[in-house]
Amino acid sequence: MNRSLVAAIVLGAGAAAGIAPAHAAEYPSEPLNYVICFNPGGESDITARIQEQALKRHYKQGVVVSYKIGGGGSVGWSDLVHSTKPDGYTLAGHNLPHIVLQPLQRGNAGYQTSDLENVYIFESTPNILLVRNDSPYKTLKDFIAAAKGKPSGLTLGGSGSASANELGTIMLNKAAGIRTTYVPFTGSGSAAPALMGGHVSGLMSYSTMAIEHKGKFRALAIMTDERMKVLPDVPTFKELGYDLVEGAYRGVAAPPGTPDDVVKKAAAIFEDVMNDPEVVKKMDENGFKIEKMGPEQSTAFVNSRIPLYKDLVKDLGQAKAK
Amino acid sequence: MLSNLLTGLQHLATLQNLLLVIAGTTVGMVAGALPGLTATMAVALLVPFTYAMTATNGLVLLGAIYMGCIYGGAFSAILINTPGTPSSIGTTFDGYPMARAGRGEQAIVAATIGSAIGGVFGVIALIFLAPLLAEVALRFGPAEYFWVGVFGLTIISSLAQGSMLKGLAGAAIGVLISTIGIAPVGGDVRFTYGSVAMQGGVDLIVILIGLFCIPEVLTIASRAHVRAESLEYKRDKGVFWNTTKEVLAQRANLLRSSIIGTIIGILPGAGGSIANLVSYNEARRASKTPEKFGTGHLEGVVATETANNAVVGGGMIPLVTLGVPGAPPDAIIYGVLMLQGLHPGPEMFKERADVTYTFMLGLGLSALVMVPIGIYGGRLLTRFVATLPKRYLVPGIAILTIIGSYAIRNNITDVILMLGFGVVGYWLKYLGFEASPIVLGLILGPIMETGLVQALLIGQQYSSPWTALFVSPLSWILIALSFLSFVWPYFGPLRRKFQKPALAPRQP
Numbered sequence: 145m146n147r148s149l150v151a152a153i154v155l156g157a158g159a160a161a162g163i164a165p166a167h168a169a170e171y172p173s174e175p176l177n178y179v180i181c182f183n184p185g186g187e188s189d190i191t192a193r194i195q196e197q198a199l200k201r202h203y204k205q206g207v208v209v210s211y212k213i214g215g216g217g218s219v220g221w222s223d224l225v226h227s228t229k230p231d232g233y234t235l236a237g238h239n240l241p242h243i244v245l246q247p248l249q250r251g252n253a254g255y256q257t258s259d260l261e262n263v264y265i266f267e268s269t270p271n272i273l274l275v276r277n278d279s280p281y282k283t284l285k286d287f288i289a290a291a292k293g294k295p296s297g298l299t300l301g302g303s304g305s306a307s308a309n310e311l312g313t314i315m316l317n318k319a320a321g322i323r324t325t326y327v328p329f330t331g332s333g334s335a336a337p338a339l340m341g342g343h344v345s346g347l348m349s350y351s352t353m354a355i356e357h358k359g360k361f362r363a364l365a366i367m368t369d370e371r372m373k374v375l376p377d378v379p380t381f382k383e384l385g386y387d388l389v390e391g392a393y394r395g396v397a398a399p400p401g402t403p404d405d406v407v408k409k410a411a412a413i414f415e416d417v418m419n420d421p422e423v424v425k426k427m428d429e430n431g432f433k434i435e436k437m438g439p440e441q442s443t444a445f446v447n448s449r450i451p452l453y454k455d456l457v458k459d460l461g462q463a464k465a466k
Numbered sequence: 427m428l429s430n431l432l433t434g435l436q437h438l439a440t441l442q443n444l445l446l447v448i449a450g451t452t453v454g455m456v457a458g459a460l461p462g463l464t465a466t467m468a469v470a471l472l473v474p475f476t477y478a479m480t481a482t483n484g485l486v487l488l489g490a491i492y493m494g495c496i497y498g499g500a501f502s503a504i505l506i507n508t509p510g511t512p513s514s515i516g517t518t519f520d521g522y523p524m525a526r527a528g529r530g531e532q533a534i535v536a537a538t539i540g541s542a543i544g545g546v547f548g549v550i551a552l553i554f555l556a557p558l559l560a561e562v563a564l565r566f567g568p569a570e571y572f573w574v575g576v577f578g579l580t581i582i583s584s585l586a587q588g589s590m591l592k593g594l595a596g597a598a599i600g601v602l603i604s605t606i607g608i609a610p611v612g613g614d615v616r617f618t619y620g621s622v623a624m625q626g627g628v629d630l631i632v633i634l635i636g637l638f639c640i641p642e643v644l645t646i647a648s649r650a651h652v653r654a655e656s657l658e659y660k661r662d663k664g665v666f667w668n669t670t671k672e673v674l675a676q677r678a679n680l681l682r683s684s685i686i687g688t689i690i691g692i693l694p695g696a697g698g699s700i701a702n703l704v705s706y707n708e709a710r711r712a713s714k715t716p717e718k719f720g721t722g723h724l725e726g727v728v729a730t731e732t733a734n735n736a737v738v739g740g741g742m743i744p745l746v747t748l749g750v751p752g753a754p755p756d757a758i759i760y761g762v763l764m765l766q767g768l769h770p771g772p773e774m775f776k777e778r779a780d781v782t783y784t785f786m787l788g789l790g791l792s793a794l795v796m797v798p799i800g801i802y803g804g805r806l807l808t809r810f811v812a813t814l815p816k817r818y819l820v821p822g823i824a825i826l827t828i829i830g831s832y833a834i835r836n837n838i839t840d841v842i843l844m845l846g847f848g849v850v851g852y853w854l855k856y857l858g859f860e861a862s863p864i865v866l867g868l869i870l871g872p873i874m875e876t877g878l879v880q881a882l883l884i885g886q887q888y889s890s891p892w893t894a895l896f897v898s899p900l901s902w903i904l905i906a907l908s909f910l911s912f913v914w915p916y917f918g919p920l921r922r923k924f925q926k927p928a929l930a931p932r933q934p
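Protein chains in written order, with my numbering: chain A, 145 to 466; chain B, 427 to 934.
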């Protein structure tokens, strides 16, 4: 009896000890629910769709892309933080600067930036200044000169409020000493027809839009360190004397409390997916810039951006008060 | 172009593509009939199935789903007074009274024929006029969208059956509800009272199910003495041919509704939800018997269902020519184009003409395929709903409302809101407030707000930013249209007043 008790305890302990590591060791053994917090058809959705096939090779039980839309992403992220099982089988696409700016601006966005467990940041879309092909502004210099000539400034359309596009506009205004008015649209897609129809003077948009509307828009400058391979003729702001590097960064996050080894495994899967030749090809074709930041790196990156965004939020407030 | 069309026809005529059209249309119809599953969601859900397909096959399938979905919304609108998708809101006005009078099958036949004609019309416009019409879409900037919203609101003067004041109050309630959540421009947090779920605002579908369906379920349930049937069903042998003839005789209505649907489809940001209501309003204004609208009048069903399927082809026009989605489901189809390496613009009509024309013809074919599937399925469904005992029908619909409102955003708050609005809707109905002005306010509120704020931002260049609302000739045309539309209903009685004394002396 004593022996069987011991055996039971040993077995029980073994089983108990076995469960947790086995869980991580077996990851992934369930389907992945990949939550997109923005409208289908937008940059986050397109990225997920490009990754989906490659992800399925790792998540053999399947990958489901689902949508939890609202509040510029906050509804989905708040749900991830508060009511999602932290087992690594539900990951939500996340987006910088949104995840930093929302908690800063709204008081209660439903989540804190630090609540989101960064798994991987896999792409960015740098800000790019676009005008129409028939526009008199051939270069950034022309554009800035025109903006200086017009005391009330020119108008720049872009995607969303308190977004990378709006920050980019504010940064450009500051750096060049001009006053362009930022006009937010609901998504980069809905800003494009406003420029085509001549309702705004230009767009502060993403690199992807420069590719999509190659035949209609002229790109004056891009906010990257170096020129993008797919846009070899577009100079960087840096080259032209303005030290501006900004854009939207996208990745996936897990709920807080997700075991570290699960996060690491999920990150390894995304790393592998971003090395897939087919994924790389499609990301390039569509104007996405591939980033490869694992859990620690992406968390460090998010933290490094916070002071910068805090500074800009002050300018956002001033812009609004005007 | 002719050779391209022939190539497209050749590609479409493969067994694989024909099966995809039939399957897609059927799946779309089922999804559309379920309240809560919109065309946007149905298309998005099926995108993964297209990965393994060629570009042509994938686009043909998604197009058919979209077309079928917009049509399928009519079933639930007619049979249970709940628009299956926002594109069928107006179909409830006359479709449901018809069903209650035992003419449900007739309403479904009318919806089917109208949908097929509207669908084909939109596709014809897409194939032949795309580059020309796409330019029209670009004329509409923020200021013009604001006026489009104002014009849309003037429909209330004819939607409000009883009191104009109650109609306006309803619209104001709708606009107010639309301001809940994060502001579309500026990103301010409004009226959430600390609830994070409310940052996403109140979804249109929540209100649709709450205001249209729940009061009806409560009404059916409260008529305790009616033993079995909630709807009457009369067997009518010649219903298909007779109704088809009746629909085809309404040439002006069909043409007008098709044009309205196509044009509203072309405008980015506006879609079937607006098209069907505008078309209903115009059909009523042009009708010789406007007083019959809302009582189970065939013309009303034809107008809404023709217009909403014309939106499908219309919405593709700016998409394939400019890369600008005309209606929300087009945004998903745009994503698929990008993944397949297709670039909207001249390239799609030259280098990739085989894919493009097959896709466009597939859309047209799916509009035609809807007729046999819809008539057969519609007959079964009508009989089923009509003969189902009330003790199964009421809980059945109630469960559908809950599943539907949860499915929109996978959010339990939506279910609670839907039920809350259902109870409110029941009382509002009791007090003589119609659901449709509230819904109209909710649809148009964000369009007006976004247009207004953007126009004011653009107007910084003028001494008064408000000038921006009045600079373009198009704005003035829209202002004039709004004014005319608003005062029109008052002209009818006025005219009759003037005509009466004129007639009197003639009679000896």
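Glycine included, each C-beta is placed from N, C-alpha and C at the ideal position. Predicted model only: the values in this text are computed from it and were never measured.
Using only the alpha-carbon positions, how far apart do B:THR670 and A:VAL344 sit? Position 244 of the second sequence, counted from the start, is the residue given in the question as residue 670 of chain B. Position 200 of the first sequence, counted from the start, is the residue given in the question as residue 344 of chain A. For B:THR670 and A:VAL344, the distance between alpha carbons rounds to 48 Å.
Whole angstroms are fine: how far does the CA of A:LYS408 sit from the CA of B:MET467? Position 41 of the second sequence, counting from 1, holds the residue named residue 467 of chain B. Position 264 of the first sequence, counting from 1, holds the residue named residue 408 of chain A. Between B:MET467 and A:LYS408, the C-alpha separation is close to 32 Å.
Which term fits B:THR618, buried or exposed, when burial requires 16 or more other beta carbons within 10 angstroms of its beta carbon? Within the second sequence, residue 618 of chain B is the residue found at index 192, counting from 1. B:THR618 should be labelled buried.
Can you pull the chain B neighbours of A:VAL275, defined as C-beta to C-beta under 9 Å? Taking the first sequence and counting its residues from 1, one reaches residue 275 of chain A at position 131. By Cβ distance, chain B contributes nothing, its closest Cβ being about 15 Å from A:VAL275, past 9 Å.
Relative to the C-alpha of A:SER173, which residue among A:ALA363, A:GLY232 and A:ILE190 is closest? Position 29 of the first sequence, counting from 1, holds the residue named residue 173 of chain A. Checked all of A:ALA363, A:GLY232 and A:ILE190; the closest Cα to A:SER173 is A:GLY232.
Rounded to the nearest angstrom, what separates A:SER442 and B:LEU843 at their Cα positions? Here the question's residue 442 of chain A lines up with position 298 in the first sequence. Here the question's residue 843 of chain B lines up with position 417 in the second sequence. Computed Cα separation, rounded: 38 Å.
For A:GLY331, the nearest candidate out of A:LYS436, A:GLU310, A:ILE243 and A:MET315 (CA to CA): Here the question's residue 331 of chain A lines up with position 187 in the first sequence. Ranking the options by Cα distance to A:GLY331, first place goes to A:GLU310.
What did DSSP end up calling B:ASN430 once you bin it into helix, strand or coil? The count along the second sequence starts at 1 and reaches residue 430 of chain B at position 4. If DSSP states are grouped into helix, strand and coil, B:ASN430 belongs with the helices.
Is A:THR368 buried or exposed, if buried means 16 or more other CB atoms sit within 10 Å of its CB? As a working note, residue 368 of chain A is residue 224 in the first sequence. Classification of A:THR368: buried, given that the 10 Å Cβ count is 16 or more.
Beta-carbon contacts of A:PRO280 that lie in its chain and below 8 Å, excluding the five residues immediately before and after: On the first sequence, position 136 is the one that residue 280 of chain A refers to. Closer than 8 Å at the Cβ level, and outside the excluded window around A:PRO280, lie ASP286 and ALA290.
Using a Cβ-Cβ distance cut-off of 8 Å, determine whether B:MET479 contacts chain A. Taking the first residue of the second sequence as 1, we reach residue 479 of chain B at position 53. No, B:MET479 does not count as interfacial toward chain A.
Find the residues of chain C that neighbour B:ALA647, judging by a C-beta separation of less than 7 Å, and give them in chain order. The chain labelled as chain C is not found among the protein chains of the depicted structure, namely A and B.
In its own chain, which residues sit with a C-beta less than 6 Å from the C-beta of B:GLY749, not counting the 5 before and 5 after it? What you label residue 749 of chain B is simply residue 323 of the second sequence in a count that begins at 1. So the list reads PRO770, once near-sequence residues are dropped.
When you compare the CB positions of A:TYR178 and A:ALA192, do they come within less than 8 Å of one another, or not? Taking the first residue of the first sequence as 1, we reach residue 178 of chain A at position 34. Taking the first residue of the first sequence as 1, we reach residue 192 of chain A at position 48. A contact, by the Cβ cut-off of 8 Å.
Contacts around B:SER621, its chain only, beta-carbon distance under 8 Å, and the 5 residues preceding and following it disregarded: Translated into the one-based positions of the second sequence, residue 621 of chain B becomes position 195. Excluding sequence neighbours, B:SER621 sits near THR839.
Flag B:PRO694 as yes if its beta-carbon sits less than 8 Å from any beta-carbon of chain A, otherwise no. Along the second sequence, read from residue 1 onward, the residue named residue 694 of chain B stands at position 268. Yes, because at least one Cβ of chain A sits closer than 8 Å to the Cβ of B:PRO694.
Considering Cα atoms alone, identify which of B:PHE859, B:LEU441 and B:GLN676 is closest to B:ALA598. Looking up residue 598 of chain B in the second sequence gives position 172. Answer by Cα proximity: B:PHE859.
Please name the residues in the region 736–751 of chain B whose beta-carbon is closer than 8 Å to at least one beta-carbon of chain A, in chain order. PRO744, LEU748, GLY749, VAL750 and PRO751
Quick one: does B:ARG653 have its CB under 8 Å from some CB of chain A? As a position in the second sequence, residue 653 of chain B is number 227, starting the count at 1. Because B:ARG653 sits at a pLDDT of 48, beneath the cut-off of 50, its placement in the model cannot be relied upon, and the following sentence gives the value as read from the coordinates. Not an interface residue.
Those residues which DSSP pairs with B:ARG501 across a bridge: Within the second sequence, residue 501 of chain B is the residue found at index 75, counting from 1. First, the amino acid is wrong: residue 501 of chain B is Phe here, not Arg. None, per the DSSP bridge assignment.
For B:LEU431 versus B:TYR760, is the C-beta distance shorter than 8 Å? Locating residue 431 of chain B in the second sequence gives position 5, where the first residue counts as 1. Locating residue 760 of chain B in the second sequence gives position 334, where the first residue counts as 1. Result no, Cβ atoms of B:LEU431 and B:TYR760 do not sit closer than 8 Å.
Using three-state DSSP, classify B:THR937 as helix, strand or coil. This structure gives no information on residue 937 of chain B, because the portion of chain B shown stretches from 427 to 934.
With 16 other Cβ atoms within 10 Å as the buried cut-off, status of A:ALA166: Here the question's residue 166 of chain A lines up with position 22 in the first sequence. Confidence at A:ALA166 is low in this model, with a pLDDT of 43, below 50, so the placement of that residue should be treated as unreliable; the coordinate-derived value is given next. Looking at its Cβ environment, which holds fewer than 16 other Cβ atoms inside 10 Å, A:ALA166 is exposed.
Just to make sure I have the definition right: I need the residues of chain B whose C-beta is within less than 7 Å of the C-beta of A:SER222. Which are they? The residue given as residue 222 of chain A occupies position 78 in the first sequence. Here the neighbours are VAL622.
Give me the DSSP bridge partner(s) of A:ILE180. As a first step, residue 180 of chain A must be located in the first sequence, where it is residue number 36. According to DSSP, A:ILE180 bridges with A:TYR211.
Determine whether the Cβ of B:GLY846 lies closer than 8 Å to any Cβ atom of chain A. Residue numbering aside, residue 846 of chain B sits at position 420 when the second sequence is read from its first letter. No - not a single Cβ of chain A is within 8 Å of the one on B:GLY846.
The region 309–337 of chain A: positions lying closer than 8 Å to chain B by Cβ: THR325, TYR326, VAL327, PRO328, PHE329, THR330, GLY333, SER334, ALA336 and PRO337
Around the C-beta of B:ASN668, are 16 or more other C-beta atoms found within 10 angstroms, so that it is buried, or is it exposed? Position 242 of the second sequence, counted from the start, is the residue given in the question as residue 668 of chain B. Exposed, since its Cβ has fewer than 16 Cβ neighbours within 10 Å.
Under 8 Å, do B:LEU703 and B:ILE515 count as touching if we go by C-beta distance? Position 277 of the second sequence, counted from the first residue, corresponds to residue 703 of chain B. Position 89 of the second sequence, counted from the first residue, corresponds to residue 515 of chain B. The answer is yes: Cβ separation under 8 Å.
State the DSSP-derived secondary structure class of A:GLY206, mapped to helix, strand or coil. The residue you call residue 206 of chain A lines up with position 62 of the first sequence. Coil at A:GLY206, not helix or strand.
Same chain, Cβ closer than 8 Å to A:LYS318, five either side skipped, listed in chain order: Within the first sequence, numbered from 1, the residue matching residue 318 of chain A stands at position 174. If we look at A:LYS318 and ignore the five residues flanking it on each side, its Cβ neighbours are ASP459.
Mind listing which residues of the region 608–619 of chain B have their C-beta closer than 8 Å to chain A's C-betas, in chain order? ILE608, ALA609, PRO610, VAL611, GLY612, GLY613 and VAL615
C-alpha gap between B:LEU602 and B:LEU868, whole angstroms: In the second sequence, counting from the first residue as 1, residue 602 of chain B sits at position 176. In the second sequence, counting from the first residue as 1, residue 868 of chain B sits at position 442. Near 8 Å, if we compare the C-alpha coordinates of B:LEU868 and B:LEU602.
Spatially closest choice to B:ILE448 from B:LEU907, B:ILE690 and B:GLY790, by CA coordinates: For this step, residue 448 of chain B is matched to residue 22 along the second sequence. With distances taken between Cα atoms, B:ILE448 lies closest to B:GLY790.
So, are the CB atoms of B:ILE801 and B:PHE666 less than 8 Å apart? Here residue 801 of chain B refers to the residue found at position 375 when the second sequence is read from its first residue. Here residue 666 of chain B refers to the residue found at position 240 when the second sequence is read from its first residue. It is a contact, given that the beta carbons lie within the stated cut-off.
For A:GLN205, count the other beta carbons within 10 Å of its own beta carbon; 16 or more makes it buried, fewer makes it exposed. Which is it? Residue numbering aside, residue 205 of chain A sits at position 61 when the first sequence is read from its first letter. Classification of A:GLN205: exposed, given that the 10 Å Cβ count is below 16.
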